[in-house]
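See below for the structure under consideration.
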Amino acid sequence: MEAGICTGQTDAHIEYRVLRDHTGDKRPVGLQPQVWSAFDNMRRSAADAGVDLLIASGFRDFDRQLSIWNGKADGSRPLFDHAGMRLDVAQLSDVEVCDAILRWSALPGASRHHWGTDLDVYDGNSIEADYALQLSPDEYAPGGPFHSLSNWLAEHAARFDFARPYQFDTGGIAPEPWHISYLPIADVLQKELTLPVLVHCLDRADVKLSDTVLSRLDTIFERFINVATSSAGDEMLARS
Ligand SMILES: [Zn+2]
Numbered sequence: 010m011e012a013g014i015c016t017g018q019t020d021a022h023i024e025y026r027v028l029r030d031h032t033g034d035k036r037p038v039g040l041q042p043q044v045w046s047a048f049d050n051m052r053r054s055a056a057d058a059g060v061d062l063l064i065a066s067g068f069r070d071f072d073r074q075l076s077i078w079n080g081k082a083d084g085s086r087p088l089f090d091h092a093g094m095r096l097d098v099a100q101l102s103d104v105e106v107c108d109a110i111l112r113w114s115a116l117p118g119a120s121r122h123h124w125g126t127d128l129d130v131y132d133g134n135s136i137e138a139d140y141a142l143q144l145s146p147d148e149y150a151p152g153g154p155f156h157s158l159s160n161w162l163a164e165h166a167a168r169f170d171f172a173r174p175y176q177f178d179t180g181g182i183a184p185e186p187w188h189i190s191y192l193p194i195a196d197v198l199q200k201e202l203t204l205p206v207l208v209h210c211l212d213r214a215d216v217k218l219s220d221t222v223l224s225r226l227d228t229i230f231e232r233f234i235n236v237a238t239s240s241a242g243d244e245m246l247a248r249s
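Each number in this note's numbering comes from the position in the sequence shown (counting from 1) with 9 added on.
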């Protein structure tokens, strides 16, 4: 695949569509054309089950992820601890700030949203138009508005070649039951995103805390980036 895709340097692989969200607002969402086809099929199937599969976020480029990262690093965006409590950047070491950001946000160049294969989904049928979407695990847990969507994904997503790479908490990235990934292409891009490729990409950008990041990149790569994406978890749930 074209260089730069796995680190978000280009959107040449992306097809944008203008979609409405649950509030009725329209905004552009980007995915790879093959991912759109698979998503369209999955969306139709979900609709038959009463689920209105909407996209909260699709493609994000490197610069967008960089502004999220730098905003959290300098305190202009809120930073949270493992339990979701607000942290004060000024009270933390650089390593602590890095780990707190990585719990909730990807390092620029290492977001699966760069690939055009990954998207965050929710169910428009289970909320009102004035609902403030949070994308929090509670919303997808029993009693939450998107629990039935979560069950539907567990049972059916694999049939459309989608899986949830951040479904379970393995101590790195916080669980993201809303995040789905189109594996036939994502698995290829994940192999292209090697440590040297990421170092090269970070070296050329103005990333806050870059000294801390680069000195710990081996650890960060294993814990937060090189995650297994097998859909085995969902298949297991579907069987149970
Ligand atoms: Zn996501």
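No residue lacks a Cβ here, since even glycine has one placed at the ideal position from N, Cα and C.
Checklist entry - For Gln74, does the count of other Cβ atoms within 10 angstroms reach 16, so buried, or fall short, so exposed? => result Your numbering for residue 74 matches position 65 in the sequence shown. Its Cβ being crowded by 16 or more others within 10 Å, Gln74 is buried.
Item to check | Limits of the unbroken beta strand (DSSP E) element including Val38 | outcome: Here residue 38 refers to the residue found at position 29 when the sequence shown is read from its first residue. Run containing Val38: 35–40, per the beta strand (DSSP E) assignment.
Checklist entry - Taking the runs of the alpha helix (DSSP H) that are 4 residues or longer, which of them lie wholly in the region 192–247? => result Segments of the alpha helix (DSSP H) lying fully in the region 192–247: 192–201, 204–212, 219–224, 226–229.
Checklist entry - Pick from Leu40, Val197, Leu223, Asp127: whose alpha carbon is nearest that of Ala12? => result Residue mapping note: residue 12 aligns to position 3 of the sequence shown, counting from 1. With distances taken between Cα atoms, Ala12 lies closest to Val197.
Checklist entry - Going by the beta-carbon positions, is the gap between Leu202 and Cys15 smaller than 8 Å? => result Indexing the sequence shown from 1 puts residue 202 at position 193. Indexing the sequence shown from 1 puts residue 15 at position 6. When the beta-carbon positions are compared, Leu202 and Cys15 come within less than 8 Å of each other.
Checklist entry - CB-CB under 8 Å to Glu244, same chain, minus the five flanking residues each way: which ones, in chain order? => result In the sequence shown, residue 244 corresponds to position 235, counting from 1. Confidence in Glu244 is poor, its pLDDT being 44 and thus under 50, which makes the residue's placement unreliable; the coordinate value appears in the next sentence. So the list reads Ala167, once near-sequence residues are dropped.
Checklist entry - So what's Leu128 in DSSP terms, helix, strand or just coil? => result Position 119 of the sequence shown, counting from 1, holds the residue named residue 128. Three-state result, Leu128: strand.
Checklist entry - Taking the continuous beta strand (DSSP E) assigned at Glu185, which residues delimit it? => result Within the sequence shown, the letter at position 176 stands for residue 185. Segment: none, Glu185 is in no beta strand (DSSP E) and carries neither H nor E.
Item to check | Rounded C-alpha distance that separates Gly181 from Arg232 | outcome: Along the sequence shown, read from residue 1 onward, the residue named residue 181 stands at position 172. Along the sequence shown, read from residue 1 onward, the residue named residue 232 stands at position 223. Per the coordinates, the alpha-carbon of Gly181 lies some 6 Å from the alpha-carbon of Arg232.
Item to check | Whether Phe155 touches Asp132 by CB criterion (8 Å) | outcome: Numbered from 1 along the sequence shown, position 146 holds the residue referred to as residue 155. Numbered from 1 along the sequence shown, position 123 holds the residue referred to as residue 132. In contact: Phe155 and Asp132 (Cβ atoms closer than 8 Å).
Item to check | Segment contact, 8 Å Cβ cut-off, at least three pairs: the region 91–107 with the region 202–214 | outcome: No contact exists between the region 91–107 and the region 202–214.
Next on the checklist: Relative to the C-alpha of Trp45, which candidate in Val104, Phe71, Trp124 has its C-alpha closest?
Outcome noted: One-based indexing of the sequence shown puts residue 45 at position 36. Taking Trp45 as reference, the option from Val104, Phe71, Trp124 with the minimal CA-CA separation is Trp124.
Checklist entry - Hey, would you say the C-beta of Ser145 is under 7 Å away from at least one heavy atom of ligand 1? => result Your numbering for residue 145 matches position 136 in the sequence shown. Taken from the Cβ of Ser145, every heavy atom of ligand 1 lies 7 Å or farther away.
Next on the checklist: Give me the residue from Lys200, Lys217, Thr221, Val222 with the minimum Cα distance to Asn235.
Outcome noted: To locate residue 235, count along the sequence shown from 1; it is residue 226. Looking only at Lys200, Lys217, Thr221, Val222, the smallest Cα-Cα distance to Asn235 is reached by Lys200.
Next on the checklist: Please output, in chain order, the residues near ligand 1 using a CB cut-off of less than 5 Å to any non-hydrogen atom of the ligand.
Outcome noted: Here the list is Asp129, His188.
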